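These notes are about the structure you will find just below.
2 protein chains.
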Amino acid sequence: MNFPAISRRQFLKTTTVAAAGLPLFAAALADPPRRKIGFALCGLGSLSTQQIAPALQQTQYCRLAGIITGTPAKAARWKAQYDLPDHCIYSYETMDRLADNPDIDVVYVVTPNALHAEHTVKAAKAGKHVLTEKPMEVSVAKCQQMIEACQTANRQLAVGYRLHFEPNTLECARLAREKVFGESKMFEGGFGFVIGDPTQWRLNRALAGGGPLMDVGIYVVQAARFVLGEEPLLVSAVATNTDPEKFRDVEESLVWQMKFPSGVLASGSTTYRIGGMNHFKIFGTRGSFGLDSAFGYNGIHGSPSDGPEIQFPQLNQFAAEMDDFAQGILANRPTKVPGEEGLRDVKIMMAIYESARSGKVVGLS
Amino acid sequence: MNFPAISRRQFLKTTTVAAAGLPLFAAALADPPRRKIGFALCGLGSLSTQQIAPALQQTQYCRLAGIITGTPAKAARWKAQYDLPDHCIYSYETMDRLADNPDIDVVYVVTPNALHAEHTVKAAKAGKHVLTEKPMEVSVAKCQQMIEACQTANRQLAVGYRLHFEPNTLECARLAREKVFGESKMFEGGFGFVIGDPTQWRLNRALAGGGPLMDVGIYVVQAARFVLGEEPLLVSAVATNTDPEKFRDVEESLVWQMKFPSGVLASGSTTYRIGGMNHFKIFGTRGSFGLDSAFGYNGIHGSPSDGPEIQFPQLNQFAAEMDDFAQGILANRPTKVPGEEGLRDVKIMMAIYESARSGKVVGLS
Numbered sequence: 003m004n005f006p007a008i009s010r011r012q013f014l015k016t017t018t019v020a021a022a023g024l025p026l027f028a029a030a031l032a033d034p035p036r037r038k039i040g041f042a043l044c045g046l047g048s049l050s051t052q053q054i055a056p057a058l059q060q061t062q063y064c065r066l067a068g069i070i071t072g073t074p075a076k077a078a079r080w081k082a083q084y085d086l087p088d089h090c091i092y093s094y095e096t097m098d099r100l101a102d103n104p105d106i107d108v109v110y111v112v113t114p115n116a117l118h119a120e121h122t123v124k125a126a127k128a129g130k131h132v133l134t135e136k137p138m139e140v141s142v143a144k145c146q147q148m149i150e151a152c153q154t155a156n157r158q159l160a161v162g163y164r165l166h167f168e169p170n171t172l173e174c175a176r177l178a179r180e181k182v183f184g185e186s187k188m189f190e191g192g193f194g195f196v197i198g199d200p201t202q203w204r205l206n207r208a209l210a211g212g213g214p215l216m217d218v219g220i221y222v223v224q225a226a227r228f229v230l231g232e233e234p235l236l237v238s239a240v241a242t243n244t245d246p247e248k249f250r251d252v253e254e255s256l257v258w259q260m261k262f263p264s265g266v267l268a269s270g271s272t273t274y275r276i277g278g279m280n281h282f283k284i285f286g287t288r289g290s291f292g293l294d295s296a297f298g299y300n301g302i303h304g305s306p307s308d309g310p311e312i313q314f315p316q317l318n319q320f321a322a323e324m325d326d327f328a329q330g331i332l333a334n335r336p337t338k339v340p341g342e343e344g345l346r347d348v349k350i351m352m353a354i355y356e357s358a359r360s361g362k363v364v365g366l367s
Numbered sequence: 003m004n005f006p007a008i009s010r011r012q013f014l015k016t017t018t019v020a021a022a023g024l025p026l027f028a029a030a031l032a033d034p035p036r037r038k039i040g041f042a043l044c045g046l047g048s049l050s051t052q053q054i055a056p057a058l059q060q061t062q063y064c065r066l067a068g069i070i071t072g073t074p075a076k077a078a079r080w081k082a083q084y085d086l087p088d089h090c091i092y093s094y095e096t097m098d099r100l101a102d103n104p105d106i107d108v109v110y111v112v113t114p115n116a117l118h119a120e121h122t123v124k125a126a127k128a129g130k131h132v133l134t135e136k137p138m139e140v141s142v143a144k145c146q147q148m149i150e151a152c153q154t155a156n157r158q159l160a161v162g163y164r165l166h167f168e169p170n171t172l173e174c175a176r177l178a179r180e181k182v183f184g185e186s187k188m189f190e191g192g193f194g195f196v197i198g199d200p201t202q203w204r205l206n207r208a209l210a211g212g213g214p215l216m217d218v219g220i221y222v223v224q225a226a227r228f229v230l231g232e233e234p235l236l237v238s239a240v241a242t243n244t245d246p247e248k249f250r251d252v253e254e255s256l257v258w259q260m261k262f263p264s265g266v267l268a269s270g271s272t273t274y275r276i277g278g279m280n281h282f283k284i285f286g287t288r289g290s291f292g293l294d295s296a297f298g299y300n301g302i303h304g305s306p307s308d309g310p311e312i313q314f315p316q317l318n319q320f321a322a323e324m325d326d327f328a329q330g331i332l333a334n335r336p337t338k339v340p341g342e343e344g345l346r347d348v349k350i351m352m353a354i355y356e357s358a359r360s361g362k363v364v365g366l367s
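Order-wise, the sequence lines are chains A and B. Quick note, my numbering runs 2 ahead of the 1-based positions in the first sequence. Quick note, my numbering runs 2 ahead of the 1-based positions in the second sequence.
This is the structure we're talking about:
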């Protein structure tokens, strides 16, 4: 197929990043798509509306092929905006009919955390690949259920770790792997924001599974694991709550520590009370490096203790994540961010909560 | 008395700081010293040699009046360099004779941590005021012994918290107290350096009482308490050791958490394995502020999330600390950094070690 002019410009822009050594875009240069993978967005909240649907327009290998929503008014709005045919619009109750729709290859699950398993299992049973937002689910058992459902259906399961495709984050992983700043010894990171509407699902334990740790602290857990390239042996945590009315169901703020097999000690912080905390730093035997800010959709940047700034061009992380999943499906190669990766984070976060509750260090198997 | 030209320049330089609102130097302008307080340095290691003795030359209210050392070669060298009379040179065994020397008002204890109590008690019994380096001692009981000895002798006891006199640190305490960045919610800080000679006393638990926490982590504990202006309720800690041969007696690195009554959560890091970790930051409801670097003898500076840089002129912190103690003695007012302040840090650090050993949160009374 031919690229429309806008896509070609987009494509050429990404070659700058490819030149910096990112295999994703190098592959894109060599192998333009034969067909676009059809994505159905499951859950049409603000993330789908403001980030994922616009990002789909910037992909090379994907297209918006359907929606799944419990809100008829949203269905009507999206149908009009994206020119969707009626047979590509589903409710959560009619998801089994996805099996009859060859235009849809992937269901992208963007519902509240505690519904990811239900919607993933339905999509897998209908023969669809699944990309689910993080955190993968609210318990280890539900993550395992998702992995099993996709294995049984012989479909791929990916978790929306957009920063695995973000060039500044990848550069930090390279700096750690190649020991550019020596052996990593200490890690410090934090991510928080001021939560608004007190009635939203993020403040409801049954739907969110926890507070800021599940929602944004997970980025700090991920950054430590992804950049250091190893898995924590144990965690220890302390939580706080200065507004018990607003935070009656989930923690307001939490700090935790992780010890890694190499001996690295990590400190993490997360909160729903303040913004401006959005960073990680690794202290090595020959200097320090990291990103500040680190976890947003743009503005990612780092000032190492010496050497050049870390400032690769920003890209649309959701587009990169979806394109990579689509390319994997087209090429029959496994995703870089499989369900097992999401499960590991949930295991760690559950251990962090157990430690905050018990006041004891919790080991990880 | 008249100021020599060099001191007058020094004096005028400090008026810049006085103009920034520091009462220490404002007082200096109003009240030039009638006589200089005589300091005897007890322990002539690198801190005395490279920092404290040169700093004494920059004070307005103090003079080097004697030395106490176990090494005759050091005694000879210092006697020559500082033109000290024989009767002002003591060994640890002859400290009781300090009682007969009216030229010496203060003993500044700069010996290894586990000797501070012994030397403080001897000095107090000889009728001298005591300024002791931090950490105050290696146990709560020994700190209490020091406080009691000085109370019994009716002498002042101060701990060498030089940053209580450092203008950038004082500015951070003001920013927190006046809630310039809103209510403080999270604190992050770390201090480490690469320790050299494996035979030095800092790696010997009997003399040091612990590893980097006692030596430099104490600055992070202090920064949190001093800037936030409150005392932690509980601590939790994890230690690591990747070089058991070198660190056979004390921890190599340690991370800890503190929870404060206001709900602030603090993360601290300390290590003998890497340099370049020398910072603290407070995240408030309207932005963040702190210092990086934060704890050195110079180069202290901070970049808040908005507003002007924190960059008051550097001063000689040891000179400021000694001048303040001397002024207090002359004016018969209590020191700003009494033994009780040192005792609190030791209590907290002992709780941190207990948590690292037990794997449990430790409460503080």
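The beta carbon of each residue, even a glycine, is placed where N, CA and C say it ideally should be. Predicted model, so just to flag it, every value in this text is computed and none were measured.
Using C-beta distances below 7 Å, list every residue in its chain close to residue i, excluding the 5 sequence neighbours before and after it, in chain order.
i: A/Phe193; result: Val218, Gly219, Tyr221, Val222, Thr272, Met279, Asn280 and Phe297
i: A/Ala128; result: Met97, Asp98, Leu100 and Ala101
i: A/Gly72; result: Ser93 and Tyr94
i: B/Ile350; result: Val223, Pro234, Val237 and Leu366
i: A/Ala77; result: Ile69, Thr71 and Ile91
Taking CB distances under 9 Å as the criterion, tell me whether residue i reaches chain B.
i: A/Ser93; result: no
i: A/Ala376; result: No answer is possible for residue 376 of chain A: the residues shown for chain A start at 3 and end at 367.
i: A/Ala268; result: yes
i: A/Ile276; result: yes
i: A/Lys187; result: yes
i: A/Gly198; result: no
i: A/Glu190; result: yes
i: A/Gly265; result: yes
i: A/Gly344; result: no
i: A/Val339; result: no
i: A/Gly45; result: no
So, is the C-beta of residue i closer than 9 Å to a C-beta in chain A?
i: B/Val240; result: yes
i: B/Pro271; result: Residue 271 of chain B is actually Ser in this sequence, not Pro. Yes, B/Ser271 counts as interfacial toward chain A.
i: B/Gly72; result: no
i: B/Met351; result: no
i: B/Gly304; result: no
i: B/Ser367; result: no
i: B/Gln313; result: no
i: B/Gly309; result: no
i: B/Gln259; result: yes
For residue i, tell me which candidate among the options has the shortest Cα-Cα distance.
i: A/Phe228; options: A/Lys283, A/Asn156, A/Ala333 and A/Gly184; result: A/Lys283
i: B/Leu256; options: A/Thr337, A/Lys349, A/Phe189 and A/Gln316; result: A/Phe189
i: B/Glu369; options: B/Asp98, B/Ala321, B/Arg207 and B/Ala128; result: No statement about residue 369 of chain B is possible, as the shown extent of chain B runs from 3 to 367 and does not include it.
i: A/Ser269; options: A/Ala225, A/Ala210 and A/Arg157; result: A/Ala225
i: B/Asp199; options: B/Lys38, B/Ser93, B/Tyr274 and B/Ala67; result: B/Tyr274
i: B/Tyr299; options: B/Pro56, B/Val123 and B/Arg79; result: B/Pro56
i: A/Gln313; options: A/Trp80, A/Met216 and A/Gly304; result: A/Gly304
i: B/Gly47; options: B/Thr61, B/Gln202 and B/Cys145; result: B/Gln202
i: A/Lys38; options: A/Leu293, A/Leu332, A/Pro74 and A/Ala119; result: A/Leu332
i: A/Leu43; options: A/Tyr63, A/Ala67 and A/Trp258; result: A/Ala67
i: A/Asn170; options: A/Ser295, A/Asp308 and A/Glu120; result: A/Ser295
Identify, in the order they occur along the chain, each residue of the same chain with its Cβ nearer than 6 Å to the Cβ of residue i, setting aside the five sequence neighbours on each side.
i: A/Ala125; result: Val109 and Val132
i: A/Thr337; result: Gln158, Ala160, Phe327 and Gly330
i: B/Gly184; result: Gly286, Thr287 and Arg288
i: B/Gln59; result: none
i: A/Thr122; result: Val111, Val132, Thr134 and Met148
i: B/Val363; result: Leu236 and Ser238
Report back the beta-carbon spacing between residue i and residue j to the nearest angstrom; my notes put them in contact at under 8 Å.
i: A/Phe291; j: A/Pro315; result: Contact flag wrong, Cβ pair sits at about 19 Å.
i: A/Leu86; j: A/Ile106; result: So it is not a contact: roughly 11 Å between Cβ atoms.
i: A/Glu342; j: A/Ile149; result: 7 Å
i: B/Gly45; j: B/Thr113; result: 4 Å
i: B/Phe249; j: B/Gly213; result: 7 Å
Mind listing the chain D neighbours of residue i? Cutoff is C-beta to C-beta under 8 Å, in chain order.
i: B/Lys181; result: Included in the structure are the protein chains A and B, with no chain D among them.
Please go through the same chain and pick out, in chain order, the residues whose beta-carbon is closer than 8 Å to the beta-carbon of residue i, but skip the five residues on each side of it.
i: B/Arg346; result: Arg227 and Glu233
Determine which residues of the stretch 207-236 of chain A have a Cβ less than 8 Å from any Cβ of chain B, and write them out in chain order.
Leu236
At a CB distance below 8 Å, what residues from the stretch 285-301 of chain A approach chain B? Give them in sequence order.
Phe285, Gly286, Thr287, Gly289 and Ser290
At a Cβ cut of 8 Å, what residues of the stretch 242-255 of chain B count as close to chain A, listed as they run along the chain?
Thr242, Asn243, Thr244, Glu254 and Ser255
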